[in-house]
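Chains as they are written, first to last, in the working numbering: chain A, -10 to 376; chain B, 89 to 284.
And the structure:
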């Protein structure tokens, strides 16, 4: 007798562990009969999870935290017993913006501080000549993309709320908007940065691992009430996705994994783009320049799948920094308790291990200390304007 | 907006037919200020310019995420907008999700004023879905008609049958094989193409 589950996902490469768990039969082996529902917006995924149409979902980590806090939306406590992905986003600029930044850069082109300072000079020059402010797109107000983009530009002295326009765009619209000139740059997950490069309209400026070494990008999210009622089912789901994440990271399985993800009802994009994403080898410019990074996207390796509450705290700190949430000890506690390494350990019978060193260090500002969010935030010059 | 004025409603929908059905329904019900936006580029700019009290958007529209930006504290926002996901009203949430529509309303607009708009929206969305189904069924019936005609033609030519005889042969084969005539016709076409 198997348990039927409905799980929502957005067609992105970082849904891989969920897709492989189902399509490779790992979920069935755990006694789960999973129906994956491909969705078109994070709002849909969130709402369908919140009202119980989905038992679980592939979700932006900050959305899980915002739901639990009841920020900007209905309060529904969400738990994340499993990280589906760390990192995987990139910041892409239009050819014109890329050229402008490279014209101003004083340092290494892959150093985010150098590019951010160059961006500040581009922004200042545009203002002096009376041009429109630059427009950057990201995928959702509560998204790592939003925070990574803001963190990067603010480090160079660009105020993301005052000096540029930040807009939400659904990922499939990003590249077209770059072509039409509606946006000058964006931060988005795979495969859309590569699509922009392949079409010769964009240059990848940064992998987000340049900004923060490890960012909890997507989680396997469930309602707290559901988790409490279905502990065995949840544990089985965690085991199935962990098995899938291990399978994905094994190089021998690459062809099969790419084939599964490329299916039209799954991620549904060109297999070669998916392969480059999984290998962390991305063409960053249309001239063929390739950049490789072991940190580009972590799905199963380096203990990426085990939720780290300090990561949730960092994301909460970003919400506070940009005026989305008030700073309070209680809210911090709520945010951190979204991440449930105990459920992860319980399902996989693993023992708690120390966090990898340098887990929460970014290219600017002090190392993050979850016990002193206020002190951490005070170290940053650019913060939101007063409401 | 004063309390007794008709609320200003924006419909965000890339399907012109569904938007027209909904717009008509709302007008019939006495809602006069209804605007349809079908162009997703610069969606927020248009919404801010229109300054609506209610926004209706279909759930298949990826631009729902764009609307989420309205909740953000930023200079672009004129007044807070809340989404119609009130946990106290599970039945209407379920009905709207089933129908495939969601609504955003200006904070402060009374619930009893929103309910009829949402109910109407749900019933029109369902009517549209039914229409789509019927259309799809008609289309596939037409397709099947064409396939049967082609198969008849093949049988007439290869076996020297009249049109009626060809049809009888198709029908009796279908009955014997417990299949639809359309399926038998399709296999005749496939076979004849392979044997060409």
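C-beta: ideal position from N, C-alpha, C; glycine also. All figures in this text were calculated on a predicted structure; none of them were measured in a lab.
- The beta carbon of residue 156 of chain A falls within 8 Å of a beta carbon belonging to chain B, placing the residue at that interface.
- Less than 8 Å divides the Cβ of residue 6 of chain A from the Cβ of residue 234 of chain A.
- With respect to chain B, the C-beta atom of residue 218 of chain A has no partner C-beta closer than 8 Å.
- Interface criterion not met: the Cβ of residue 83 of chain A is under 8 Å from no Cβ in chain B.
- Contact between residue 109 of chain B and residue 216 of chain B holds, since their C-beta atoms are separated by about 5 Å, short of 8 Å.
- Assignment of residue 285 of chain A by DSSP, reduced to helix, strand and coil, places it in the coil class.
- Within the region 169 to 203 of chain A, 169 and 171 place their CB atoms closer than 8 Å to a CB of chain B, listed in sequence order.
- Beyond the five residues adjoining it in sequence on each side, residue 119 of chain B comes within less than 8 Å, by CB distance, of 94, 95, 97 and 205 in the same chain, given in chain order.
- Within chain A, not a single residue places a beta-carbon under 7 Å from that of residue 103 of chain B; the smallest gap is close to 14 Å.
- Distance from the CA of residue 297 of chain A to the CA of residue 328 of chain A, rounded to the nearest whole angstrom, comes to 6 Å.
- Using a Cβ-Cβ distance cut-off of 8 Å, the region 129 to 144 of chain A and the region 98 to 107 of chain A are in contact, since at least three pairs of beta carbons, one from each stretch, lie closer than that value.
- Using a Cβ-Cβ cut-off of 8 Å, residue -4 of chain A is close to nothing in chain B; its nearest Cβ partner there is about 16 Å away.
- Around the C-beta of residue 256 of chain A, 16 or more other C-beta atoms lie within 10 Å, and the residue is accordingly described as buried.
- The C-alpha of residue 304 of chain A lies about 8 Å from the C-alpha of residue 136 of chain A.
- Each of A:353, A:338, A:79 and A:320 was checked against the Cα of residue 360 of chain A, and the nearest Cα belongs to A:320.
- In the structure shown, residue -1 of chain A adopts coil according to DSSP, grouped into three states.
- Per DSSP, the continuous beta strand (DSSP E) segment holding residue 80 of chain A begins and ends at 79 to 83.
- Collapsing the DSSP output to three states places residue 236 of chain A in a helix.
- Minimum Cα-Cα distance from residue 193 of chain B among the listed residues B:234, B:141 and B:111 corresponds to B:141.
- For residue 192 of chain B, the enclosing beta strand (DSSP E) covers residues 189 to 194.
- The Cβ atoms of residue 257 of chain B and residue 249 of chain B sit closer than 8 Å to each other.
- Measuring C-alpha to C-alpha distances from residue 38 of chain A to each of B:103, B:159, B:229 and B:185 identifies B:185 as the nearest.
- A check of alpha carbon separations from residue 179 of chain B across B:158, B:152 and B:207 identifies B:207 as the nearest.
- Where residue 207 of chain B is concerned, the enclosing alpha helix (DSSP H) starts and stops at 199 to 247.
- Selection A:199, A:158 and A:11 evaluated against residue 181 of chain A yields A:158 as nearest (Cα-Cα).
- Distance from the CA of residue 270 of chain A to the CA of residue 281 of chain A, rounded to the nearest whole angstrom, comes to 4 Å.
- Counting every other CB atom within 10 Å of its CB across the protein chains shown gives residue 170 of chain A a total below 16, marking it as exposed.
- Within 10 angstroms of the beta-carbon of residue 50 of chain A lie 16 or more other beta-carbons, which makes it buried.
- Contact between the region 21 to 40 of chain A and the region 144 to 151 of chain B is present: three or more C-beta pairs spanning the two stretches fall below 8 Å.
- Residues of chain B with a Cβ closer than 8 Å to the Cβ of residue 13 of chain A do not exist, since the nearest Cβ in that chain sits about 28 Å away.
- Within the model, the alpha-carbon separation for residue 149 of chain A versus residue 124 of chain A is close to 10 Å.
- Contact fails between the region 235 to 244 of chain A and the region 49 to 69 of chain A, because fewer than three Cβ pairs, one in each stretch, are under 8 Å apart.
- With a threshold of 8 Å between beta carbons, residue 148 of chain B makes contact with chain A.
- The C-alpha of residue -4 of chain A lies about 26 Å from the C-alpha of residue 102 of chain B.
- Taking CB atoms only, residue 156 of chain B has a neighbour in chain A less than 8 Å away.
- Collapsing the DSSP output to three states places residue 122 of chain B in a strand.
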